[in-house]
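Take any residue in the sequence shown, note its place counting from 1, add 34, and you have its number in my numbering.
What follows is a set of notes on a single structure, which appears directly below.
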Amino acid sequence: MKNIVWAFLYFLFSTIITWWFIKQGELLYFSREKMFLSCTIAGSKWGIQILAALFFLKEKKWEFIKFIAATCFVGSCILLPYCLFSAVRMPAYSFVVSLVVAVFFMILIYYNVVKQINISILWFWGWMFCLTIAVSLQLFVVFKIM
């Protein structure tokens, strides 16, 4: 039960921080709908992993979900400097740099979670696949780059 509570709290606070980050970068989005879409895409890669864990992992599912929730939370916390200092109008590239740094550390942490829990490396590669799709959707659908 403790893992479930921690997972919920980590994901809840991650969602709040991520929305704050998106809101602080509001000028970079084309519309409020694109902001909601961006947040939905960010959360969907985690939702897919949660569903997969619930279906395919047996006794380790809640431990895994708690650890990936913590990974998500760390990634969101890395976005906090942009949220806190965007009031002084940080340049747009700092928005991107914040995202790149957050994703880099989440990749490292996620890999270590898979190793620590001793589950198949396919879980890491499955998340990387979801991450690749999420980043592509953000670039091509939300921000209309290319």
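C-beta: ideal position from N, C-alpha, C; glycine also.
Let's see if you can read the secondary structure: which residues bound the alpha helix (DSSP H) around residue i?
i: residue 77; result: 66 to 90
i: residue 101; result: 95 to 112
i: residue 132; result: 126 to 151
i: residue 169; result: 156 to 171
i: residue 187; result: The structure shown does not extend to residue 187, since the chain spans only 35 to 180, so no value can be given for it.
Closest to residue i by C-alpha separation, out of the options, would be which residue?
i: residue 135; options: 115, 178 and 119; result: 115
i: residue 110; options: 94, 92, 93 and 129; result: 129
i: residue 94; options: 159, 163, 154 and 65; result: 154
i: residue 42; options: 127, 64, 68 and 84; result: 84
i: residue 137; options: 151, 89 and 76; result: 76
Checking 8 Å against the spacing of the C-beta atoms, do residue i and residue j come in under that value?
i: residue 45; j: residue 86; result: no
i: residue 140; j: residue 169; result: no
i: residue 113; j: residue 52; result: yes
i: residue 96; j: residue 37; result: yes
i: residue 48; j: residue 117; result: no
i: residue 78; j: residue 56; result: no
i: residue 167; j: residue 173; result: no
i: residue 144; j: residue 163; result: no
i: residue 101; j: residue 91; result: no
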